[in-house]
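K.L.:
Have a look at the structure that comes next, please.
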Amino acid sequence: MKTTGNSVSSGTFETVEPKELFKPTEPSVLFKLRKLQDYLHISTKPSRFIAREKEFKQVHDFIAKGMDTGKGDSMYVCGSPGVGKTLCLQFAVDTIKADPAYRTKIKVVQLNAMRLADPKDIYSTLYRLLGGRKGQGAPTTAVEYADAVKAMLSTEGKRGRDGGMTLIVVDEIDFLLSKAQTVLYRLFEWPRSRSSAMMLIGIANSIDLTNRFLPRLKQRFCEPKLLVFGAYNKDQLMDIVSQRIRESEREVEMASGNESDTADEDAPAALTYFQKAAVELCARKVASRSGDVRKCLDICGQCVQALEDQAGKEGREEEGDTADTQKPSLMVKVGDMMRCLSKTMGSPVEKTMKHLPAQQQTVLCVAAIVTKHQDDVKVYQLREQYLSMTKGYGLPRLSAAMFSDIVSALSVSGLVKVTSSKSARSKQRVVQEVTRLSQVAVCVAFDELRQVLAPLNTFFTKILDRGETSAN
Ligand SMILES: Nc1ncnc2c1ncn2[C@@H]1O[C@H](COP(=O)(O)OP(=O)(O)OP(=O)(O)O)[C@@H](O)[C@H]1O
Ligand SMILES: [Mg+2]
56 MKTTGNSVSS
66 GTFETVEPKE
76 LFKPTEPSVL
86 FKLRKLQDYL
96 HISTKPSRFI
106 AREKEFKQVH
116 DFIAKGMDTG
126 KGDSMYVCGS
136 PGVGKTLCLQ
146 FAVDTIKADP
156 AYRTKIKVVQ
166 LNAMRLADPK
176 DIYSTLYRLL
186 GGRKGQGAPT
196 TAVEYADAVK
206 AMLSTEGKRG
216 RDGGMTLIVV
226 DEIDFLLSKA
236 QTVLYRLFEW
246 PRSRSSAMML
256 IGIANSIDLT
266 NRFLPRLKQR
276 FCEPKLLVFG
286 AYNKDQLMDI
296 VSQRIRESER
306 EVEMASGNES
316 DTADEDAPAA
326 LTYFQKAAVE
336 LCARKVASRS
346 GDVRKCLDIC
356 GQCVQALEDQ
366 AGKEGREEEG
376 DTADTQKPSL
386 MVKVGDMMRC
396 LSKTMGSPVE
406 KTMKHLPAQQ
416 QTVLCVAAIV
426 TKHQDDVKVY
436 QLREQYLSMT
446 KGYGLPRLSA
456 AMFSDIVSAL
466 SVSGLVKVTS
476 SKSARSKQRV
486 VQEVTRLSQV
496 AVCVAFDELR
506 QVLAPLNTFF
516 TKILDRGETS
526 AN
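Just add 55 to the spot in the sequence shown (first one is 1) and you have the numbering used here.
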């Protein structure tokens with residue numbers, strides 16, 4: 056029977072020195088890597104909200120002001136995906152709820168509009184979340200629910216009478232967009248109605264949701280305060296990733312009993328399994344594309360997964376720190392990160408091609424094949440080829456003007472180059488306006504184009520394969 060320092064062996068009690076009893080056990084490499092994976096996963100809520108101090112303060116102050124004045128108000132929080140909007144709201148709400156000055160006076164209702172089958176369902180959902188009466192006398196139609204909720208959120212409502220306020224946070228609020236925008240108008244107008252005891256915070260991606268779809272809010276003096284979250288920059292992404300790594304290391308220390316009381320929370324992360332330059336590379340790349348921290352965490356998580364696989368293969372599951380320090384090869388280095396980045400993010404050209412409208416993709420495929428076999432292809436010749444190749448596939452017959460527009464759009468994306476061919480002798484000029492006589496050249500290597508577009512639909516596969524075979 057295998058014994059450990061504090062176990063019983065062969066039915067006899069061993070004398071165990073107290074010092075030995077509490078001797079910290081060193082966690083295995085796999086345990087540490089799995090912890091690291093957990094902490095790099097987006098579903099793990101970090102213990103502190105960093106890199107967004109200004110935005111956090113604005114949200115916090117907005118809520119605190121509403122509580123202090125007892126006046127209703129609304130805010131619209133926007134920004135591209137993965138820039139910390141939802142997390143910021145969570146931390147701001149938690150902070151207010153923990154504040155002795157507000158905790159008994161505030162009721163918070165948080166919901167995600169994406170989960171509603173219909174925008175109007177928000178009324179019955181709010182009614183339920185606010186603890187509305189069920190059964191006899193309860194509302195039955197959307198209008199009745201809306202009236203009941205408005206009354207519950209006014210100073211005449213139960214909470215309002217006690218000087219309390221209700222904060223409603225609607226995430227993905229753009230899912231409430233509808234034809235007449237009745238729901239959104241009503242929601243943003245409630246906080247400004249005379250007896251309102253309601254604060255509303257709506258969150259979505261688009262910066263112009265209220266201006267574009269709810270222009271009457273301005274005329275009615277119900278325009279929400281606007282808070283825009285910019286994309287994370289390289290340093291912010293580095294801080295977020297490093298903080299998570301540090302939190303994972305602290306948990307490992309605690310699990311092994313090596314926890315230090317004097318651990319400095321703000322100390323720079325000891326990147327045991329990452330070369331700092333590798334994290335920096337990831338942060339820089341993501342910042343230059345989208346600033347979406349999810350991407351950054353995901354890529355770092357994938358790198359840790361590769362380490363886990365490597366540790367498994369090398370049979371290092373049971374080895375502790377000694378093995379670690381002896382074999383510093385178990386670390387995400389710049390080269391590993393570069394491989395992971397190119398696998399995950401692809402080239403910018405690849406992304407552009409993938410997200411083109413289908414018509415532009417089709418014209419690009421045709422252009423790739425035609426220009427592969429013929430020099431000096433003119434726009435009208437390309438259109439003729441397009442019409443002949445797409446015949447029988449049910450695709451729209453593009454007029455010459457529409458075709459030129461598509462070529463022009465492809466040229467703006469940098470996927471094709473359009474030059475004028477006024478004079479064969481004069482140097483060709485890149486042109487702004489596409490005419491039927493303009494010359495077209497594809498700027499993407501055929502193989503790359505084929506690799507990206509062929510899997511998107513069978514028509515592309517067919518015409519690109521035809522191009523391949525006629526080339527051979
Ligand atoms: N400042 C931060 N510190 C630590 N983790 C963060 C931070 N910002 C974002 N994250 C992580 O990234 C994930 C995505 O952030 P969040 O959900 O707040 O993005 P979002 O801006 O609401 O995106 P979307 O528009 O897609 O809803 C969070 O779950 C969190 O794990
Ligand atoms: Mg969100």
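Positions of the beta carbon are idealized from the N, C-alpha and C atoms, including for glycine.
Kindly examine ligand 2 and report whether one of its heavy atoms sits closer than 7 Å to the Cβ of Ile258.
P.N.:
Ile258 Cβ: within cutoff of ligand 2.
K.L.:
With hydrogens ignored, establish whether the beta-carbon of Arg301 is closer than 7 Å to any heavy atom of ligand 1.
P.N.:
For ligand 1, not one heavy atom lies less than 7 Å from the Cβ of Arg301.
K.L.:
Could you tell me the boundaries of the alpha helix (DSSP H) in which Leu508 lies?
P.N.:
Run containing Leu508: Phe501 to Leu508, per the alpha helix (DSSP H) assignment.
K.L.:
Is Phe329 helix, strand or coil by DSSP?
P.N.:
If DSSP states are grouped into helix, strand and coil, Phe329 belongs with the strands.
K.L.:
Relative to the C-alpha of Thr474, which candidate in Ile97, Phe243, Cys498 and Asn167 has its C-alpha closest?
P.N.:
With distances taken between Cα atoms, Thr474 lies closest to Cys498.
K.L.:
Where does Tyr441 fall in DSSP's three states?
P.N.:
Of the three classes helix, strand and coil, the one that applies to Tyr441 here is helix, per DSSP.
K.L.:
Whose CA, out of Ala496, Phe86 and Leu362, lies closest to the CA of Asp431?
P.N.:
Looking at the Cα atoms, Ala496 is the closest of the given residues.
K.L.:
Let me make sure I understand the geometry here. Which of Ala252, Val225, Gln416 and Gln92 has the alpha-carbon closest to that of Val148?
P.N.:
When each option's Cα is compared against that of Val148, the closest is Val225.
K.L.:
Given that a residue counts as buried once 16 or more other Cβ atoms are within 10 Å of its Cβ, and exposed if not, what is Lys446?
P.N.:
The residue in question, Lys446, is exposed, as its Cβ has fewer than 16 Cβ neighbours within 10 Å.
K.L.:
May I have the straight-line CA-CA distance separating Ile151 from Ala119, to the nearest angstrom?
P.N.:
Distance between the alpha carbons of Ile151 and Ala119 is about 8 Å.
K.L.:
Going residue by residue through the region 128 to 171, where are the continuous beta strand (DSSP E) segments of at least 3 residues, counting only ones entirely within it?
P.N.:
You should have 128 to 134 and 161 to 167.
K.L.:
Looking at Val348: is its Cβ nearer than 8 Å to the Cβ of Gly127?
P.N.:
Result no, Cβ atoms of Val348 and Gly127 do not sit closer than 8 Å.
K.L.:
Can you tell which of Ser261, Val334 and Pro279 has the C-alpha that lies nearest to the C-alpha of Lys289?
P.N.:
Taking only the C-alpha atoms, the option nearest Lys289 is Val334.
K.L.:
Are the Cβ atoms of Ile161 and Ala168 separated by less than 8 Å?
P.N.:
Cβ atoms of Ile161 and Ala168: not closer than 8 Å.
K.L.:
Span of the alpha helix (DSSP H) holding Asp226?
P.N.:
No alpha helix (DSSP H) contains Asp226, which is instead part of the beta strand (DSSP E) from Met220 to Asp226.
K.L.:
Is Thr399 near ligand 2, judged by its Cβ being under 7 Å from some heavy atom?
P.N.:
Every heavy atom of ligand 2 is 7 Å or more from the Cβ of Thr399, so no.
K.L.:
Quick one: using the 10 Å Cβ neighbour count with 16 as the cut-off for buried, is Lys205 buried or exposed?
P.N.:
Counting Cβ neighbours within 10 Å, Lys205 comes out buried, since at least 16 surround it.
K.L.:
For Leu492, is the classification buried or exposed, using 16 other Cβ atoms within 10 angstroms of its Cβ as the cut-off for buried?
P.N.:
So Leu492 ends up on the exposed side.
K.L.:
From the DSSP output, in three-state form, read off Phe276 for me.
P.N.:
In this structure, Phe276 counts as coil in the three-state DSSP scheme.
K.L.:
By Cβ distance, which residues of its chain are closer than 7 Å to Cys143, with the 5 residues on each side in sequence left out?
P.N.:
Counting only Cβ-Cβ distances below 7 Å, and skipping sequence neighbours, we find Phe104, Arg107, Glu110, Phe111 and Val114.
K.L.:
With 16 other CB atoms within 10 Å as the buried threshold, where does Pro279 fall?
P.N.:
Counting Cβ neighbours within 10 Å, Pro279 comes out buried, since at least 16 surround it.
K.L.:
Please list, in chain order, all residues of the same chain as Leu269 whose beta carbon is under 7 Å from its beta carbon, the five residues on each side excluded.
P.N.:
Answer for Leu269: Gln236, Leu239, Tyr240 and Phe243, listed in chain order.
K.L.:
Identify, in the order they occur along the chain, each residue of the same chain with its Cβ nearer than 6 Å to the Cβ of Ile295, setting aside the five sequence neighbours on each side.
P.N.:
Ala106 and Val348, listed in sequence order.
K.L.:
Ala259 lies in the beta strand (DSSP E); which residues open and close that run?
P.N.:
First-last of the beta strand (DSSP E) with Ala259: Met253 to Ala259.
K.L.:
Can you name, in chain order, every residue of its own chain whose Cβ lies under 6 Å from the Cβ of Gly375, other than the five neighbours on each side?
P.N.:
Its pLDDT being 48, under 50, Gly375 is placed unreliably by the model, and nothing is read from it.
K.L.:
Between the C-alpha atoms of Ala201 and Ile300, what's the straight-line distance to the nearest angstrom?
P.N.:
Each residue's alpha carbon lies about 46 Å from the other.
K.L.:
Is it true that the CB of Thr210 sits closer than 8 Å to the CB of Ala252?
P.N.:
Yes; because the gap between Cβ atoms is below 8 Å, this pair is in contact.
K.L.:
Just to confirm, does Lys100 get its C-beta within under 7 Å of one of the non-hydrogen atoms of ligand 2?
P.N.:
Not so, every heavy atom of ligand 2 lies at least 7 Å from the Cβ.
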